[in-house]
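Engineer: Start counting the sequence shown at 1; every next residue gets the next number (our numbering).
Ideal placement from N, C-alpha and C gives every residue a C-beta, glycine not left out.
Treat the numbers as computed from the prediction; the structure is a model and nothing was measured.
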Amino acid sequence: MRKKVITGIIISNVILILGGLLSFITNRYFISYIGLPKLGLDNLFKQLLGYLNLAEMGLSTASTYALYKPLMEKDYQRINEVIYTMKQIYKKVMLFIFVAGVLCTFLLPFFMKGYAFSPEVVLYWLMYIINTLMSYLVVIYLILYNADQKYNFVKIVQGSTQIIFQIIKIAIIIIFKSFFLILVLGLINTVVNLLIFRIYYQKEYEPKLQPQAKYQLDRTIIKDIKNIFIHKLSFVLSVNTDIILISTFISLSVVGLYSSYLMVLGLWLKVVGSVADIARSNIGSLNAVSSKQEVYQKFQQLNIIYLYFTVLVIVPTYYLIQPFMNLWINKQLHVKGLVLLLCLNYGMKIYRGCLDIFKETGGFFDDIHLPILEGGLNFIISLILVQKIGLIGVLIGTVVSDLLITYIYKPILVYQRCFAQQIQAYLHDYLRYVVYVVLAAGSSYLVMKNYAFEIKTAGDFVLQGIIIFGINAIITTVVFLGDRNFRYDLKELKMIKRPN
């Protein structure tokens, strides 16, 4: 199992690095040949579809959770029930998204400040909707494969097709300069993934299952979906609100440039996400057979790694992101405090992932008042501040709501429900983590402020990046060595490298 996890992490990160490099190249050529406004339009449509995707209501999360135990026990009757329930609900979801998406066409002009609404825009929007509908046919297979710990296969297929189609996309941008052809390529990519996953299902699963038979709908999944829906609503409000408010009150060009910053920071989130996808199924299996105390111990061991990685990458990113933007697309957003808030925002997103994994795999979905508070707070603060102080106000709203709900209120409930721990354990853990972050980031800052560096070329960036990452890595590692769970993780890593 340990070897399988490490292999999965290696595969995920190789694909992530290659895909990430190609994405940066694609983004640069997109801005040069097609323009920032259309890049902003692309991001706006993706965020609007995030609201329509609420119709999915957390079905993937609830279904994955429901499949962990029957897959371990080879309970094919139960597996069939879950899959049948998934398919029936997804049919209704797809119908709703199609109808709602078509109706939303008439609202598009309200979100496109400074951009002309035209039949061309309508065509683009409908193509996004079609691609979203087709992606749900793929998701049904992904739920089953990930719950069955076939994550390496999933990553290889998705990563390979992503890289191939990304290369083709770059060629289309340079040769044809066509946004329409890019969307057509996206549809073809989805179809190819669907065919591959369908063939694998027919070979590996269909002989054991009875996909054509009818079963009773699984009421447990439906109940969990109702609770997860509220959580998804919060996530959409906290993540998608930013882009929509910027496009509505500022401009699509700013959305395009702002999204380029998010692309850089999002790369770190993808690194963690690739590991989380692998860890989630293992932790789901752990939750199915272990005591809450054992689960809590595993949480502490993984949580400190999440925190370590967050400090390891976010601190250097703070110093390097503006020079990188200048070298990459020769454009920057000159807004005071922007980089600090962006890094703080994404650092919080990275670190919160560990708690979310244990919460979801532990079946804790009924804390629906939390996402209502978080999403509502974020929307209200961001809406007020974006009109008063612009772009920076949107980020303040996101950071404040995330801090109050995700880092104070939610962990207390998760500690009680998933780990059988009281508030004292939460305070002991999180206050200790705050000390680690302050010591590591503060010490790095004291060193960096006396270190003068100038970046004018790619060579300068690589050299200074190595130095800055190196300094921060040494300081952060020294600070975190004071934690017994971190030392335990290092010992486990040595055991993996030196098997008996």
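(1) Considering only residues of the region 327-407, which uninterrupted beta strand (DSSP E) runs meet the minimum length of 3 residues and lie entirely inside it, listed in chain order?
(2) Report the residue from 345, 322, 367 and 356 whose alpha carbon sits nearest the alpha carbon of residue 465.
(3) Would you report the Cα separation of residue 276 and residue 48, rounded to the nearest angstrom?
(4) Quick check on residue 387: buried or exposed, where buried means 16 or more other Cβ atoms within 10 Å of its Cβ?
(5) Taking 9 angstroms as the threshold (C-beta atoms), are residue 385 and residue 376 in contact?
(6) At what residues does the alpha helix (DSSP H) containing residue 523 begin and finish?
(7) Considering only heavy atoms of the ligand FAD, does any lie closer than 8 angstroms to the CB of residue 427?
(8) Measure how close the beta-carbons of residue 418 and residue 295 come, nearest whole angstrom, since I'm counting them as under 8 angstroms.
(9) Can you check whether the CB of residue 357 is closer than 9 angstroms to the CB of residue 279?
(10) Please look up how many angstroms separate the CB atoms of residue 361 and residue 65, rounded, as I've assumed it's under 8 angstroms.
(11) Using C-beta distances below 8 angstroms, list every residue in its chain close to residue 183, excluding the 5 sequence neighbours before and after it, in chain order.
(12) Would residue 81 be called buried (16 or more neighbouring beta carbons within 10 Å of its own) or exposed?
(13) Taking a contact to mean a Cβ-Cβ separation below 9 angstroms, would you say residue 175 touches residue 185 in this structure?
(14) Output yes or no for whether 9 angstroms exceeds the beta carbon distance between residue 316 and residue 469.
(15) Suppose contacts are defined by Cβ-Cβ distances below 9 angstroms. Is residue 508 in contact with residue 84 by that definition?
(16) In whole angstroms, what is the alpha-carbon distance linking residue 422 and residue 390?
(17) Keeping to the same chain, check which residues put their C-beta closer than 6 angstroms to that of residue 270; ignore five residues upstream and five downstream.
(18) Note down, one range per segment and in chain order, each beta strand (DSSP E) of at least 3 residues found wholly within the region 43-123.
(19) DSSP three-state label for residue 455, please.
(20) Can you say whether residue 508 is buried or exposed, counting buried as having 16 or more other CB atoms within 10 angstroms of its CB?
(21) Tell me whether residue 176 sits in a helix, a strand or coil according to DSSP, three-state version.
(22) Nearest to residue 292 by alpha carbon, out of 198, 414, 256 and 189?
(23) Quick one, are the C-beta atoms of residue 378 and residue 241 less than 9 angstroms apart?
(24) Answer yes or no: do residue 455 and residue 327 have a C-beta to C-beta separation smaller than 9 angstroms?
(25) What is the rounded straight-line gap between the Cα of residue 51 and the Cα of residue 93?
(26) Give the range of the alpha helix (DSSP H) segment to which residue 410 is assigned.
(27) To which residues of the same chain is residue 302 closer than 6 angstroms at the C-beta, ignoring the five residues directly before and after it?
(28) Are residue 350 and residue 314 closer than 9 angstroms when you measure CB to CB?
(29) Excluding sequence positions up to five away, which residues of its chain have a Cβ less than 6 angstroms from the Cβ of residue 347?
(30) By alpha-carbon positions, which one of 20, 114 and 179 ends up nearest to residue 30?
(31) May I ask which residues mark the beginning and end of the alpha helix (DSSP H) holding residue 290?
(32) Would DSSP call residue 492 helix, strand or coil?
(33) Return the Cβ separation of residue 243 and residue 43 in integer angstroms, given the expectation that the two are a contact with Cβ distance under 8 angstroms.
(34) So, is residue 206 buried or exposed, given that buried needs 16 or more other C-beta atoms within 10 angstroms?
Structural biologist: In terms of the structure at hand:
(1) none
(2) 322
(3) 26 angstroms
(4) exposed
(5) no
(6) Here the chain comprises residues numbered 1 to 500, so residue 523 is not present and cannot be evaluated.
(7) You won't find the ligand FAD in this model; it holds no ligand whatsoever.
(8) 7 angstroms
(9) yes
(10) 7 angstroms
(11) 124, 127, 128 and 131
(12) buried
(13) no
(14) yes
(15) Since the first residue of the chain shown is 1 and the last is 500, residue 508 is not available in this structure.
(16) 41 angstroms
(17) 16
(18) none
(19) coil
(20) Nothing in the structure corresponds to residue 508, since the chain is present only between 1 and 500.
(21) coil
(22) 414
(23) yes
(24) yes
(25) 13 angstroms
(26) 410-419
(27) 354
(28) yes
(29) 310 and 314
(30) 179
(31) From DSSP, residue 290 is part of no alpha helix (DSSP H); its letter is neither H nor E.
(32) helix
(33) 6 angstroms
(34) exposed
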